[in-house]
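2 protein chains.
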Amino acid sequence: MKHGNTRFLIVGLGLMGGSYAKALSERGYAVDGIDIDSTTIDYALKHGYIQRGGIVNEVSLITDADVIISCVYPRTCVNWILENQKYMKSGAYLSDISGVKANVVEPIQTSLRKDLEFVPAHPMCGRELRGVVYANTEMIKGANFILTPTEKNSEEAVSFFVEFAKELGFGKISRLTCEEHDRMIAYVSQLTHAIAVSLMNASENPQINEYTGDSFRDLTRIAKINEQMWSELFIGNKQNLIREIDAFQMELSSLKQAIEDEDYAELKEKFIQSTQRRIQFDR
Amino acid sequence: MKHGNTRFLIVGLGLMGGSYAKALSERGYAVDGIDIDSTTIDYALKHGYIQRGGIVNEVSLITDADVIISCVYPRTCVNWILENQKYMKSGAYLSDISGVKANVVEPIQTSLRKDLEFVPAHPMCGRELRGVVYANTEMIKGANFILTPTEKNSEEAVSFFVEFAKELGFGKISRLTCEEHDRMIAYVSQLTHAIAVSLMNASENPQINEYTGDSFRDLTRIAKINEQMWSELFIGNKQNLIREIDAFQMELSSLKQAIEDEDYAELKEKFIQSTQRRIQFDR
Chain S
1 MKHGNTRFLI VGLGLMGGSY AKALSERGYA VDGIDIDSTT IDYALKHGYI QRGGIVNEVS
61 LITDADVIIS CVYPRTCVNW ILENQKYMKS GAYLSDISGV KANVVEPIQT SLRKDLEFVP
121 AHPMCGRELR GVVYANTEMI KGANFILTPT EKNSEEAVSF FVEFAKELGF GKISRLTCEE
181 HDRMIAYVSQ LTHAIAVSLM NASENPQINE YTGDSFRDLT RIAKINEQMW SELFIGNKQN
241 LIREIDAFQM ELSSLKQAIE DEDYAELKEK FIQSTQRRIQ FDR
Chain U
1001 MKHGNTRFLI VGLGLMGGSY AKALSERGYA VDGIDIDSTT IDYALKHGYI QRGGIVNEVS
1061 LITDADVIIS CVYPRTCVNW ILENQKYMKS GAYLSDISGV KANVVEPIQT SLRKDLEFVP
1121 AHPMCGRELR GVVYANTEMI KGANFILTPT EKNSEEAVSF FVEFAKELGF GKISRLTCEE
1181 HDRMIAYVSQ LTHAIAVSLM NASENPQINE YTGDSFRDLT RIAKINEQMW SELFIGNKQN
1241 LIREIDAFQM ELSSLKQAIE DEDYAELKEK FIQSTQRRIQ FDR
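Chains S and U, in that order, give the protein sequences. Once you know that position 216 of the first sequence is 216 in the numbering used here, the rest is easy, because the numbers rise by one and skip nothing. Residues are numbered in the numbering used here as their position in the second sequence, beginning at 1, plus a constant of 1000.
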């Protein structure tokens, strides 16, 4: 990246924040960290993920930062940035990892100091695990990275984060508007989680692991779900998600009808279409 | 297994049949094969999966067999066994791999010669690939194996297939009635395929692979689906599957309602329940 002595501040040393800190530190960047939990900070310091750490709004860490990345849940992200922007260095860059953009980007961009710049981002990687102890740079490798800049963003700042993503090992780096992102994420990520959770909750059968093949395991891997974060993401993208759930349910009802009608031809047509699309999707 | 010189006949050298043949041959058993396609037979002979091969109803292969395993689709399975039982050796054991039992087991058990015994089975493993060229014994290792014996089955024959499964490397071996099996399979396997297909078909977006994380990939792995086999399985287990689709749809609608109502508490409750169940499910 452009500035060799760029000082990073990671706010929220969870799975993602911890992994960012680890990845940056491994590449020789100066990284500080902020968290609400002192055990987390101790762990991150001990493992060399951060050089300095502080609780919540350790002012000196904020003041020193050239780049601040919020790795906390959406609502906390907005609050923390707006409450602590008064401590930030003029010209500092900000970014985030929020899984929905609608209720995060606009509130921030509207009230942000004019000499700060917030470039929204969404790293498309994660694990069902929580906390800095699971920080890992492997999950970043080759993962998709999405930037959702607005008219308030400069090309310079956006380019910085493109480089940031490449440096950390992300694969495809895309740009979408916030609206495009939220529409897309409703389908590729939120709907899938809604499905996995509903599948898991649809049956009480406690012995199923004796009978299952891989398909059940695959479909419910993400049924182990961080309830705080995902309730914020779901409700934060309500209209898009409901639309996607409706579209999916309609498709499933159509499949059910074909089974009801014992319509082999119709069923096969659906299976063939599904197969063709999945083949196209494969890397 | 009990008889060192047991001669196996595999009917249908597809992915599963080919894998069975390969696994048995590797362990030194005498294995013959029958298929409708001569290229398949040549391949299996060439790779040592079978010692002798023949098309469809090669009588000498059927007559010589002590154990005949039908690895063809459900409807073909019933037809082939009933049409060719006249060639079978007295005391021969038969089995299958059908993914639904309702429209397979009863038709066979009702009309089977009294001196033959059919022990229905369902190996819970597979890949989205078809054909003997993909035969692999790895997918068998540790997979679940289900037997669905009826009152027409002897303990001796059932024990034989328990040993068979252990010998080939299956993991947990369970016994269910045909009804229990079909109810269970509707949830753990058929519903998951119905979901994956519907998810894949719900959107035309051709660029999604640039934006997706692992969840979409996980949920649609099985969207590449063998349309002949799966239309038979779905319609063959129609009532159970429709019931499971309905239960799943109801759960998903309830989730949708919680989003609509912006009911954080309700959403979190669903997520926590899902997480707890998934943790219990983990090996």
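Each residue gets a CB set at the ideal place from its N, CA and C atoms; glycine is no exception.
- Message: Could you tell me the alpha carbon to alpha carbon distance between Asn-1057(U) and Phe-234(S), rounded to whole angstroms?
- Response: For the purposes of this step, residue 1057(U) is identified with residue 57 of the second sequence, where counting begins at 1. For the purposes of this step, residue 234(S) is identified with residue 234 of the first sequence, where counting begins at 1. Each residue's alpha carbon lies about 57 Å from the other.
- Query: Start and end of the beta strand (DSSP E) containing Tyr-93(S)?
  - Reply: What you label residue 93(S) is simply residue 93 of the first sequence in a count that begins at 1. First-last of the beta strand (DSSP E) with Tyr-93(S): 93–96.
- Using a threshold of 8 Å, state whether the C-beta atoms of Ala-1023(U) and Phe-1008(U) are closer than that. In the second sequence, the residue the question calls residue 1023(U) occupies position 23. In the second sequence, the residue the question calls residue 1008(U) occupies position 8. Against a cut-off of 8 Å, the Cβ pair of Phe-1008(U) and Ala-1023(U) comes out as no contact.
- Message: Tell me which residues share the same chain as Glu-1128(U) and place their Cβ nearer than 6 Å to its Cβ, disregarding the 5 neighbours each side in the sequence.
- Response: Here residue 1128(U) refers to the residue found at position 128 of the second sequence. The residues are Lys-1224.
- Query: Are the C-beta of Arg-130(S) and some C-beta of chain U separated by less than 8 Å?
  - Reply: As a first step, residue 130(S) is located in the first sequence; it is residue number 130 there, counting from the start. Not one chain U Cβ lies under 8 Å of Arg-130(S).
- What are the start and end residues of each continuous alpha helix (DSSP H) run of 4 or more residues lying completely inside the stretch 149–200 of chain S, in chain order? 155–168 and 178–185
- Counting along the chain, where does the beta strand (DSSP E) carrying Val-1119(U) start and finish? Translated into positions along the second sequence, residue 1119(U) becomes position 119. It spans 1117–1119 - the beta strand (DSSP E) in which Val-1119(U) sits, taken as one unbroken run.
- Task: Could you pull the start and end residues of the alpha helix (DSSP H) that Asp-64(S) belongs to?
- Result: Along the first sequence, read from residue 1 onward, the residue named residue 64(S) stands at position 64. Asp-64(S) -> alpha helix (DSSP H) spans 59–64.
- Partner residues on chain S for Ile-1235(U), Cβ-Cβ distance less than 8 Å: Locating residue 1235(U) in the second sequence gives position 235, where the first residue counts as 1. By Cβ distance, chain S contributes Ile-259, Glu-262, Tyr-264 and Leu-267.
- Phe-1170(U) vs Pro-1120(U) beta-carbon contact at 8 Å: Reading the second sequence from its first residue, position 170 is the one you call residue 1170(U). Reading the second sequence from its first residue, position 120 is the one you call residue 1120(U). No, they are not a contact pair.
- Does DSSP put Val-1100(U) in a helix, in a strand, or in coil? Position 100 of the second sequence, counted from the first residue, corresponds to residue 1100(U). If DSSP states are grouped into helix, strand and coil, Val-1100(U) belongs with coil.
- Query: Of all Cβ atoms in chain S, is any one closer than 8 Å to the Cβ of His-1047(U)?
  - Reply: In the second sequence, counting from the first residue as 1, residue 1047(U) sits at position 47. Not closer than 8 Å to any Cβ of chain S, the Cβ of His-1047(U) fails to qualify, so no.
- Message: Give me the residue from Ala-1202(U), Glu-1167(U), Lys-1152(U) and Ile-1010(U) with the minimum Cα distance to Ala-1065(U).
- Response: Residue 1065(U) sits at position 65 when you count from the first residue of the second sequence. Of the candidates Ala-1202(U), Glu-1167(U), Lys-1152(U) and Ile-1010(U), the one whose C-alpha sits nearest the C-alpha of Ala-1065(U) is Ile-1010(U).
- At which residues does the alpha helix (DSSP H) containing Ala-258(S) begin and terminate? Looking up residue 258(S) in the first sequence gives position 258. Element bounds for Ala-258(S): 238–260.
- Task: Report the neighbours of Arg-1175(U) on chain S: residues whose CB is nearer than 7 Å to its CB, in chain order.
- Result: Position 175 of the second sequence holds residue 1175(U). Correct list: empty, because the minimum Cβ distance to chain S is about 11 Å.
- Hey, quick one: how far does the alpha helix (DSSP H) through Ile-279(S) stretch, first residue to last? The residue you call residue 279(S) lines up with position 279 of the first sequence. Residues 264–281.
- Out of Arg-1052(U), Cys-1071(U), Gly-1017(U) and Ser-1231(U), which has the shortest C-alpha to C-alpha gap to Leu-255(S)? In the first sequence, counting from the first residue as 1, residue 255(S) sits at position 255. If we check each option's Cα against that of Leu-255(S), Ser-1231(U) comes out closest.
- Task: Output, in sequence order along the chain, the residues in the stretch 3–21 of chain S whose CB is closer than 8 Å to any CB in chain U.
- Result: none
- Message: Taking the alpha carbon of Asn-240(S) as the reference point, which residue from Thr-39(S), Ala-102(S) and Gly-17(S) has its own alpha carbon closest?
- Response: Here residue 240(S) refers to the residue found at position 240 when the first sequence is read from its first residue. It is Ala-102(S) whose Cα lies nearest to the Cα of Asn-240(S).
- Message: Per DSSP, what are the beta-bridge partners of Ser-1070(U) in this structure?
- Response: In the second sequence, residue 1070(U) corresponds to position 70, counting from 1. Looking at the DSSP assignment, Ser-1070(U) forms a beta bridge with Val-1011(U) and Asp-1096(U).
- Task: Please report how far the alpha carbon of Asn-201(S) lies from the alpha carbon of Lys-46(S), in whole angstroms.
- Result: On the first sequence, position 201 is the one that residue 201(S) refers to. On the first sequence, position 46 is the one that residue 46(S) refers to. So the alpha carbons of these two residues sit roughly 40 Å apart.
- Own chain, CB closer than 7 Å to Gln-85(S), minus 5 neighbours either side, in chain order: The count along the first sequence starts at 1 and reaches residue 85(S) at position 85. Here the set comprises Leu-112, Arg-113 and Leu-116.
- Figure out for me which residue from Ser-60(S), Val-59(S), Lys-89(S) and Val-100(S) has the closest Cα to the Cα of Val-78(S). Here residue 78(S) refers to the residue found at position 78 when the first sequence is read from its first residue. Of the candidates Ser-60(S), Val-59(S), Lys-89(S) and Val-100(S), the one whose C-alpha sits nearest the C-alpha of Val-78(S) is Val-100(S).
- Query: For Val-31(S), which residues does DSSP report across the bridge?
  - Reply: Against the first sequence, residue 31(S) aligns to sequence position 31. Val-31(S) is bridged to Phe-8(S).
- Message: Considering Cα atoms alone, identify which of Ser-198(S), Gly-213(S) and Asp-282(S) is closest to Gln-1273(U).
- Response: If you number the second sequence from 1, residue 1273(U) lands on position 273. Taking only the C-alpha atoms, the option nearest Gln-1273(U) is Ser-198(S).
- Neighbouring residues, chain U, relative to Ala-247(S) (Cβ below 9 Å): Translated into the one-based positions of the first sequence, residue 247(S) becomes position 247. Under the 9 Å cutoff, chain U gives Ala-1202 and Ser-1203.
- Message: Using a Cβ-Cβ distance cut-off of 8 Å, determine whether Thr-212(S) contacts chain B.
- Response: The structure shown contains no chain B; its protein chains are S and U.
- Going by Cα to Cα distance, which pick from Asn-1226(U), Met-1139(U) and Arg-1243(U) is closest to Ile-1185(U)? Start at 1 with the first residue of the second sequence, and residue 1185(U) comes out as number 185. The shortest Cα separation from Ile-1185(U) among Asn-1226(U), Met-1139(U) and Arg-1243(U) belongs to Arg-1243(U).
- Item | DSSP state of Arg-1130(U) mapped onto helix, strand, coil | As a first step, residue 1130(U) must be located in the second sequence, where it is residue number 130. In this structure, Arg-1130(U) counts as coil in the three-state DSSP scheme.
- On the premise that Ile-1036(U) lies in contact with Ile-1055(U), defined as a C-beta separation below 8 Å, what is that separation, rounded to the nearest angstrom? Locating residue 1055(U) in the second sequence gives position 55, counting from the first residue. Locating residue 1036(U) in the second sequence gives position 36, counting from the first residue. Right, their Cβ atoms sit about 7 Å apart.
- Run through DSSP, which three-state label would Leu-112(S) get? Against the first sequence, residue 112(S) aligns to sequence position 112. Looking at Leu-112(S) - three-state DSSP - the assignment turns out to be coil, as it is neither helix nor strand.
- What residues in the stretch 1020–1045 of chain U have a beta carbon less than 9 Å from any beta carbon of chain S? none
- In the DSSP assignment, find the beta strand (DSSP E) that holds Ile-41(S) and state where it starts and stops. For the purposes of this step, residue 41(S) is taken as the residue at position 41 of the first sequence. No beta strand (DSSP E) contains Ile-41(S), which is instead part of the alpha helix (DSSP H) from 38–46.
- Task: State yes or no: is the beta carbon of Lys-101(S) nearer than 8 Å to at least one beta carbon in chain U?
- Result: Residue 101(S) sits at position 101 when you count from the first residue of the first sequence. Not closer than 8 Å to any Cβ of chain U, the Cβ of Lys-101(S) fails to qualify, so no.
- Straight-line gap, Ile-208(S) to Phe-1281(U) (C-alpha atoms, nearest Å): For this step, residue 208(S) is matched to residue 208 along the first sequence. For this step, residue 1281(U) is matched to residue 281 along the second sequence. Those two C-alpha atoms are separated by around 8 Å.
- According to DSSP, residues forming a beta bridge with Asn-144(S): Locating residue 144(S) in the first sequence gives position 144, where the first residue counts as 1. In DSSP, Asn-144(S) forms a bridge with Met-124(S).
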